[in-house]
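Those sequence lines, one after another, are chains P and D. Add 42 to a position in the first sequence, counting from 1, and you land on the number used in my numbering. Add 1430 to a position in the second sequence, counting from 1, and you land on the number used in my numbering. Inspection log for the structure reproduced underneath, given as C-alpha cells.
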Amino acid sequence: MTDHDATPDLTGPDLSESYALSINGRDREVADAWLGESLLYVLRERLGLPGSKNACEQGECGSCSVMMDGLLVNSCCVLAADAVDADVRTVEGLAPDGTLTDVQQAFLDAGAVQCGFCIPGLIVSVHDLLDRAPQPDELEVREAISGNLCRCTGYGRILQAVQDVAAARTAADAQEDRP
Amino acid sequence: MPIARPTSLDDAVAVLADDPAADVLAGGTDAMVEISFDHRRPRHVLALRRIDELRQVTTTSLGVRIGAMVTYGQIERDHATLLPGLAMASRTVGSPQIRNAGTIGGNLGTASPAGDALPWLLAMDAEVELASVRGTRRLPVAAFVTGPKRTARADDELIVAVHVPAMEGPQHTAKLGPRNAMVISVACTAVVLDTAARQVRIGMGAVGPTPLRAPDAEAAAAEAIDWDALRADGTAIAAFGQACAAAASPIDDHRSTAEYRRHAVGVLASRSLTRCLAA
C-alpha cells in the first residue's frame, strides 16, 4: 500500500521541533523532531514506549490505540506536536511495571492472544469500553472493538475475555456492597 | 513558527492570513494519513484543537449551528435527538477511534465524494460558515463542494461551522460497504422528510464527483406520499429508488463498479424512504 518515492529525498526532514508531552502522567521532552511525526512514531521511536504497535499508519487497524484526554484514538492519526497539553495514556500506563490489568489477565486466561500484535490496542479499547459500559452486551463489545483488527483469533476468545472481565468486576462489586 | 496552536478563532484566521498555504489540522484522520504516506509534507501547521468555540453545538429558532471541530463521536453520543440523521451517519464512520477524532468540519474540508456526513448535510440544505480576516460568509453545501476533494474555501478561509435549518419530520441514513465498520462508502444515502413543507429530500454519497440530490425523484415522491398518514405505496417507493439511481453519476474504481453503485444507491434510497415512513 505504501507509495515509495523513486528517488529518495537525501536532504531529509528538518528536525527542529521541540515540545513536551504528558504521557502516562509524566512530562516527557521531545527534542529535534520533524514537524510531521505522529504521536505513534514519537511514542515508539523517541520515548521508548513500543507497546503501541505500528501496523497500518492510516487509522485502519487500531494497533496503536491510546487514550487522549479520556478519548480512545489512533495515535498514528495524532500529530505529536499537536498533542501538547493533552493527557496521553498508553498501554504501558494501565498497570505498574511487571503486573497485568484484569483485562490483560483475562485475555491470557481465555486464550485470546495468538501472535499478540493487535493485543495492546485491543486492551486499551476494552478498558475504555468497560469504563463506559461495565456490563456490555455482545453487540456493544463488537462495536467497541470494530476498529481493532485481529488476523489470528477470529475474535471469539477476545469476546469471551471481555465478558469474563465484566462478570468478575460485577461479582467483585457485589462482594464489596455486602454488609 | 512551524506549528500554530491558537486558542481563539481570531488568532487562527490571522495565522491563515499570514500564511494561506498553512496545513489546517482538524481531527487528523485524513491529514495524518497523507503525511504518513508522504503525500503531504507539512511546513507550517495550523492546529485547531484548542479553539473551544469550534467545538460547540448551539441551537437557535432557525436551527442548529455545528462547530467545525465537533466530532462524529460527540454527535453520536450527545446530539442524536437534535440531529438524528447526522447521528446515524456518524455511527457508520470508521471506528470508535476515528469517530473520537474526525470532525464534521474536516469531512467538509476533505470533501471526499464518499464523505459520510455530506449527504445528510446536503439533504438538509445546510450552509457552511467560512471565516477569514476579511470577514465571514455562508455557502450552501451544494455550492461549497465543487468537485472530488475540491471546495470553494479560499486559501485564507477557515471552515468554522455548518448551519442546519430546523426541520420537523423523520430522517434516515444508510451506507453500503463490505462490513459494518471501517469502510469507505460504496454508496450511501440520507433521506429527510420535511413534513411542514411536505418535501422529500435525498443526499446521495459515493455515486458522483460530489454528493448529489435527486430533484425529480424528490418531487415525485412528495406527490406520492400521503402526508397526513406518512404512508406511500410500494410502487411509489420503488419508483423513488429507480429515479434516484437514474440521477446518480457513479464511476468504476477499486471499491466498486459504476453499475453496482447505481443499483445500490437505488436500493438504499428506497430503504431510507421506507424507514422514514415506518418511523
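Backbone N, C-alpha and C fix where the C-beta goes; we use that ideal spot for every residue, glycine too. These numbers come from a predicted model, not from an experiment.
With respect to ALA1452 of chain D, VAL1475 of chain D sits close: the two C-beta atoms are nearer than 8 Å.
Look at TYR197 of chain P here: in three-state DSSP terms it is coil, with no helix or strand label. Contact between SER1542 of chain D and LYS1579 of chain D holds, since their C-beta atoms are separated by about 6 Å, short of 8 Å.
At least 8 Å separates the CB of VAL1523 of chain D from every CB of chain P. Not flagged as an interface residue toward chain P: GLY1497 of chain D, since no C-beta distance is shorter than 8 Å. Residues of chain P with a Cβ closer than 9 Å to the Cβ of PRO1432 of chain D are, in chain order, ASP56, SER58, GLU59, LEU77 and ALA123. Under the Cβ criterion (8 Å, minimum of three pairs), the segment 76–89 of chain P counts as touching the segment 1465–1472 of chain D. Contact of GLY1536 of chain D with chain P is not assigned, every C-beta pair being separated by 8 Å or more. The beta carbons of SER107 of chain P and GLN1504 of chain D sit no closer together than 8 Å. Residue pairing for LYS1605 of chain D: DSSP places it in a beta bridge opposite D:CYS1618. A distance below 6 Å between beta-carbons, with the five flanking residues on each side excluded, links CYS157 of chain P to the following residues of its chain, in chain order: CYS194.
Of all residues in the segment 103–122 of chain P, only GLY104, SER107, LEU113, LEU114, VAL115, ASN116, CYS118, CYS119, VAL120 and LEU121 come within less than 7 Å of chain D when Cβ atoms are compared, listed by chain position. Taking the C-beta atoms as reference points, LEU172 of chain P is found nearer than 8 Å to VAL207 of chain P. Taking a contact to require three or more Cβ pairs closer than 8 Å, the segment 72–80 of chain P and the segment 153–170 of chain P do not qualify as touching. Contact with chain D is found for SER188 of chain P, since one of that chain's Cβ atoms lies less than 8 Å from the residue's Cβ. By alpha-carbon distance to ASP144 of chain P, the top candidate from P:GLY189, P:ALA203, P:ASP215 and P:ALA123 is P:ALA203. DSSP links SER80 of chain P through a beta bridge to P:LEU121. Residues of chain P with a Cβ closer than 7 Å to the Cβ of THR1603 of chain D do not exist; the shortest Cβ-Cβ separation is about 17 Å.
The Cβ atoms of LEU1548 of chain D and GLU1557 of chain D lie no closer than 8 Å to each other. In this model, LEU114 of chain P and GLU99 of chain P are separated by some 16 Å (Cα to Cα). The residues ALA1582, in chain order, have a CB closer than 6 Å to that of THR1576 of chain D in the same chain once the five nearest residues on each side in sequence are set aside.
Approximately 10 Å separates the beta-carbon atoms of VAL1563 of chain D and ALA1442 of chain D; this is outside 8 Å, ruling out the contact. Looking at the DSSP output, MET110 of chain P shares a beta bridge with P:LEU113 and P:VAL130.
With its beta carbon at least 8 Å from every one in chain D, GLN146 of chain P lies outside the interface. The continuous beta strand (DSSP E) containing GLY1493 of chain D extends over residues 1493–1497.
A distance below 7 Å between beta-carbons, with the five flanking residues on each side excluded, links THR1522 of chain D to the following residues of its chain, in chain order: ASP1546 and LYS1605. Pairing LEU1513 of chain D with VAL1621 of chain D gives a Cβ-Cβ distance that is not under 8 Å. Listed along the chain, the chain D residues whose CB falls inside 8 Å of the CB of VAL126 of chain P are ARG1435.
Under the rule that a run must span 4 or more residues, the alpha helix (DSSP H) segments found entirely inside the segment 1495–1576 of chain D read 1502–1508, 1514–1521, 1526–1531, 1534–1540, 1548–1553 and 1571–1574. The beta carbon of MET1518 of chain D does not come within 8 Å of any beta carbon belonging to chain P, so the residue lies off that interface. With respect to ALA1596 of chain D, GLU1559 of chain D sits apart: the two C-beta atoms are not nearer than 8 Å. Considering only beta carbons, the part of the segment 79–102 of chain P lying closer than 7 Å to chain D consists of SER80, GLU99, GLN100, GLY101 and GLU102, in chain order. Taking 8 Å as the CB threshold, GLN1672 of chain D stays off the interface with chain P. The alpha-carbon of TRP76 of chain P is positioned some 20 Å away from that of GLY101 of chain P. Annotated as distal: VAL133 of chain P and GLY189 of chain P, with beta-carbon spacing of 8 Å or more.
Assigned with DSSP and collapsed to three states, HIS1474 of chain D falls in coil, not helix or strand.
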